[in-house]
Structure formats: structure tokens, C-alpha cells
Amino acid sequence: MITTAWLVARKDLLIEARSRVLIWQVVPFGVMALLLSGLALGPTRAGHSGAGPGLFYLVTLLVAILMINRNRAIESSPGTHASVATLGLDPAGVFLGKTLALAVELWVTAAVLLAGAVLVLHLPLGATLSAAPSVLVTVAALAAAGTLYGALTGGDASATLLPVLSLPAFAPLLIAGERSLSAAVTHQGLWQWWVLDVVALVAYLAIGILLYAVLEET
Amino acid sequence: MADQPASVARLRDAVVLSAGFPLLAGVDLDVTPGSLTVVTGPNGAGKTSLLRLLGGLVALSSGSGTVVGIDLATGDRRLLRRRVGWLGHEGSFYDDLSVTENLRFAARALGRPLDDLDAAIERVGLGARRRTAARRLSAGQRRRLGLAWLLVRRAELWLLDEPYASLDDEGREFFDVLIGEVCAGGASVVVSAHDPLRSAALAPRTVRLVGGRVVAPTA
Chain B
1 MITTAWLVAR
11 KDLLIEARSR
21 VLIWQVVPFG
31 VMALLLSGLA
41 LGPTRAGHSG
51 AGPGLFYLVT
61 LLVAILMINR
71 NRAIESSPGT
81 HASVATLGLD
91 PAGVFLGKTL
101 ALAVELWVTA
111 AVLLAGAVLV
121 LHLPLGATLS
131 AAPSVLVTVA
141 ALAAAGTLYG
151 ALTGGDASAT
161 LLPVLSLPAF
171 APLLIAGERS
181 LSAAVTHQGL
191 WQWWVLDVVA
201 LVAYLAIGIL
211 LYAVLEET
Chain V
219 MADQPASVAR
229 LRDAVVLSAG
239 FPLLAGVDLD
249 VTPGSLTVVT
259 GPNGAGKTSL
269 LRLLGGLVAL
279 SSGSGTVVGI
289 DLATGDRRLL
299 RRRVGWLGHE
309 GSFYDDLSVT
319 ENLRFAARAL
329 GRPLDDLDAA
339 IERVGLGARR
349 RTAARRLSAG
359 QRRRLGLAWL
369 LVRRAELWLL
379 DEPYASLDDE
389 GREFFDVLIG
399 EVCAGGASVV
409 VSAHDPLRSA
419 ALAPRTVRLV
429 GGRVVAPTA
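The listed protein sequences derive, respectively, from chains B and V.
Position 169 of the first sequence, counted from 1, bears residue number 169 in my numbering, the numbering being contiguous throughout.
Position 158 of the second sequence, counted from 1, bears residue number 376 in my numbering, the numbering being contiguous throughout.
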């Protein structure tokens, strides 16, 4: 399972490095969304820092949905899907590999967006850095849930279902992530929200390992 | 089953349903080791569905069948898939990866030695394009990359869905030669095509499908 996971993750990341969709399309979209959010709030610095954590996660959600669809599209052509299926890869390993690749891509994007949030939404740098581990875990949980729901809505025709179907699963993660980042900004304890994200990450990984084969077959 | 002839694939009254619609409506088929079988028929006859059933890519709804010794009804289809090779009429690989990177992924996934890659690339005539991304290859070159993928796999049963589509005469001749070599090496090949193969030298067994049923098996 671990061997397959590394193989799939390396392949997905290599494809991303070759296609440069993340760098030239997704990250610029996220930055523009963040800038527009800042413009919508107006010039009041205090209002920015109060809404900043929520806006950061809202933009992260939009970017995540783009990346989840992209993650699925790599194998979406019928020929490639059939050909890869005949490799007989361990489904749990495929799930872990795709989750890892998606998490790495989202971590890169989140790092850029966090820097943008400091600059545009005036989040305090020190507090934002202290919340970085929480952001890492939240984004990893988003990647795990996204890989699962991506398999559920796999295929071009149902790709537009992804946002609708996945939002109930993403909502608790986003709320916990936002609370955690807000707690860091206001210098309150953030560990309880972090624990919630860790539990969600472990739960989604376990569900994916157990169910990914069923989702792929159907 | 010592009383039965050696058979790579054997279907009896095989039915495949999709949303209640029969893609295959009771197919009998035998594929012997080292043989070439050509499945012909009009669009929608069930040619691709038959190949997908043989590759373990769709489930058998009723009837019985074994492929490379694995029962289609009760066996592990993932194990079956590892032992067949599939070449679809669309691209069968990752467009953003190079020729070598695609083959390296397949070889690693199947635990095949990476030493075989260069030989496979040279065999299909892509030696000069080994670092080219698959999306930049011509239709014929993409088809050759699909063949290299199959060579690396060393599959026991090759399933080729409309392999002659968008190939020029040279490409078709290359395909015929390679298929002949594969069969001579002991692997079996099942090809779907609209029309019977032109190459008499291959002496294939032709099966004609219409409406998900075999209407004309010929020796």
C-alpha cells in the first residue's frame, strides 16, 4: 500500500510539475480571489483582520475544489482510466497517493494564500505563523475528503456535483480551521480546534483506505 | 480441469448489463494460447464491452467465464487486470508525462524491471521521442506508445480496442508484425475492429458481434 502510495503521489506531482496548472492557473486564481476579498472589505484594517481567517479558508475552499477536479481529471479519459485500471494497483495505496499529492499541492497554495492574507488582509505575521501547523492539518484533511469525494463524483459529467456534495464534508474542517486561525490571531488557545482537524484527517484517511476500492469500482 | 483444452479465456452465455441494458447478451467465446481473435461488428455491437469483460473492467452479470484462470464471477478482478494488457482507441496513458516516464510508471506499478524500457521504446520506433510528452505525439506515435506500454507489461492476454484507427499503412503493417510476434511468443491477442483484418498472414479467428451476440464465429 505504501509503495503504491509513493508511486501514485510521485506520478501526480510530476504531472503537475509538467503541466504547471497549479502555478499558472490555480495559484493566480486564489491570489486574485484574495485581492478581491480585500477590496470588498474596504480599507479598514481592523475589519480585515477580523474577517481574514474566514476569507482565507473561503478562498482555500475554492482553490481546493479546482484542484480536486484537476486531480481526478488526470485519469478521466476512458482510455487512460481503463489502462491504469489494468495495472491492478492497490486502491488504498492509490487513495493515499492521490491524497498526498493533492495535500502537497494545497500546502503550496495555502502558503502563498497565507502570505497574501498577511499582506492584503493584514493578518498578524507572528500569529499567522503560529497557526501554520493547524493550516497544514486542515488542508491535509481537505485533501483526504476531496480525494474521496472526487472518486464519488468522478467523470466529467458529474464533476459539477463535487461542490454541492462535498460542502457538508468540508464545512466542519473549514469551521475548525477558521476558528483555529482566528484563535491564533486573537492570542487564544487553538489546540482544541487543531485536535478536531487531526481527528477529521484520521477519520477521512481511514474511510478512504476502506472505501476507495468500492468508489473506484462503481 | 484436465479434461478441458487449455484456454486463456472462456465465456459461456456471458451477459453484461449496464443500467439494465444488455451490452452483451449471451456470448460464447474461447481464446486459446498464442491465438489472435478479431471481434468485428457495427458500432454498438458490444465489441468494446466484450474486451472490457475479458479485462476485468466490467462485471459479469450472468453466465460464466474464466480469463487467465480467474473466474469472472467469483475471482479477484484486480488480479485479473494485472495479467491482461489494454490498449483503448483513446490515449491509454498520461498526456503530460514523457514516453519514458509513462513506461516507467507502468513498469514500477507492475514490478517489472526498468531495464526493459529502452528495448520496448526502440522496438516500437519511438527512440527519438523518448523524452517527448505524450500529448505532443502524433496519433500513430501515441498508438506505438500504447504498444510499448503493453510490451513492458508482458501481458498474457492483449486486448486491443480498434487499434488500427488513425494509423497509416506503415503503422498498420507494424501492428500486424508485432501482433504476429506476440502470438508467436505465446501470448494471446483479442482485437476489436469494424472490419476483418487485412493481413491474411496473421490467420486470425474472426468473431462477429451484433446486438451483444455472436452471430458468426469462423475458424
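The beta carbon of each residue, even a glycine, is placed where N, CA and C say it ideally should be.
Beta strand (DSSP E) segment containing residue i, residue limits
i        : result
Val425/V : 423 to 428
Pro240/V : 239 to 249
Trp367/V : Careful: Trp367/V lies outside any beta strand (DSSP E), inside the alpha helix (DSSP H) at 357 to 371.
Ala232/V : 227 to 236
Ala411/V : 406 to 411
Gly281/V : 280 to 285
Helix, strand or coil at residue i according to DSSP, with G and I counted as helix
i        : result
Arg270/V : helix
Val63/B  : helix
Thr255/V : strand
Ala351/V : strand
Ile68/B  : helix
Leu377/V : strand
Val433/V : strand
Gly303/V : strand
Nearest neighbour of residue i, chosen from the options [CA to CA]
i        : options                                : result
Ala411/V : Leu298/V, Ala324/V, Val245/V, Ser384/V : Ser384/V
Pro251/V : Gly430/V, Arg423/V, Val428/V           : Arg423/V
Leu102/B : Ala206/B, Glu217/B, Trp6/B             : Trp6/B
Ala92/B  : Phe170/B, Ala184/B, Thr147/B, Leu174/B : Thr147/B
Leu241/V : Arg228/V, Val226/V, Ser280/V, Ser253/V : Ser280/V
Val285/V : Asp246/V, His307/V, Leu321/V           : Asp246/V
Glu374/V : Leu355/V, Leu297/V, Arg341/V           : Leu297/V
Trp304/V : Leu344/V, Val407/V, Val433/V           : Val407/V
Ala224/V : Ala346/V, Gly404/V, Arg300/V           : Gly404/V
Gly430/V : Val249/V, Val256/V, Gly262/V, Ser236/V : Gly262/V
Met32/B  : Ala131/B, Thr60/B, Glu75/B, Ala144/B   : Thr60/B
Val425/V : Arg341/V, Ser282/V, Asp289/V, Leu254/V : Leu254/V
Met67/B  : Trp191/B, Pro168/B, Gln25/B, Pro53/B   : Gln25/B
Arg20/B  : Val108/B, Ile207/B, Leu119/B, Val185/B : Val108/B
Ser130/B : Ser166/B, Gln188/B, Val120/B           : Gln188/B
Val230/B : Ser166/B, Arg70/B, Thr128/B            : Shown here, chain B extends from 1 to 218; a query on residue 230/B therefore has no answer.
Phe170/B : Lys11/B, Val63/B, Ser77/B              : Val63/B
Val210/V : Arg354/V, Leu235/V, Val233/V, Thr258/V : In the structure displayed, chain V extends from 219 to 437; residue 210/V sits before or after that span and is not available.
Contact set for residue i: own chain, Cβ-Cβ below 7 Å, skip 5 residues either direction
i        : result
Val94/B  : Thr4, Val8, Tyr212
Ala140/B : Ala103, Leu201
Ile65/B  : Leu162, Pro163
Leu396/V : Leu365
Asp379/V : Thr266, Leu269, Leu305, Gly306, His307, Ser410
Start and end residues, alpha helix (DSSP H) containing residue i
i        : result
Val195/B : 191 to 217
Phe166/B : Residue identity check: residue 166/B is Ser in the sequence provided, not Phe. Per DSSP, Ser166/B belongs to the alpha helix (DSSP H) from 162 to 185.
Gly146/B : 132 to 152
Arg341/V : 334 to 341
Ala10/B  : It is Arg, not Ala, that sits at residue 10/B in the sequence shown. Here the alpha helix (DSSP H) through Arg10/B covers 2 to 19.
Thr318/V : 317 to 328
Gly389/V : 387 to 402
Trp24/B  : Note, Trp24/B: premise wrong, no alpha helix (DSSP H); not H, not E.
Val108/B : 91 to 120
Own chain partners of residue i with C-beta closer than 8 Å, once the 5 adjacent residues on each side are dropped
i        : result
Leu315/V : Phe323, Ala351, Ala352
Close-in-space but distant-in-sequence residues of the same chain around residue i (CB under 6 Å, 5 per side omitted)
i        : result
Ser282/V : Arg230
| task | Give the residues from the stretch 5 to 38 of chain B that approach chain V closer than 7 Å (Cβ to any Cβ), ordered along the chain. | result | Leu7, Lys11, Leu14, Ile15, Arg18, Ser19
| task | Give, in chain order, every residue of the stretch 402 to 413 of chain V whose Cβ lies closer than 7 Å to some Cβ of chain B. | result | none
| Given a limit of 7 Å on CB to CB distance, which residues of the stretch 82 to 107 of chain B reach chain V? | Cβ contacts with chain V: Ala82, Ser83, Ala85, Thr86, Leu87, Gly88, Leu89.
| Selection of the stretch 308 to 324 of chain V by Cβ proximity to chain B, strictly under 7 Å | Glu308, Gly309, Ser310, Phe311, Tyr312, Asp314, Leu315, Glu319, Phe323, Ala324
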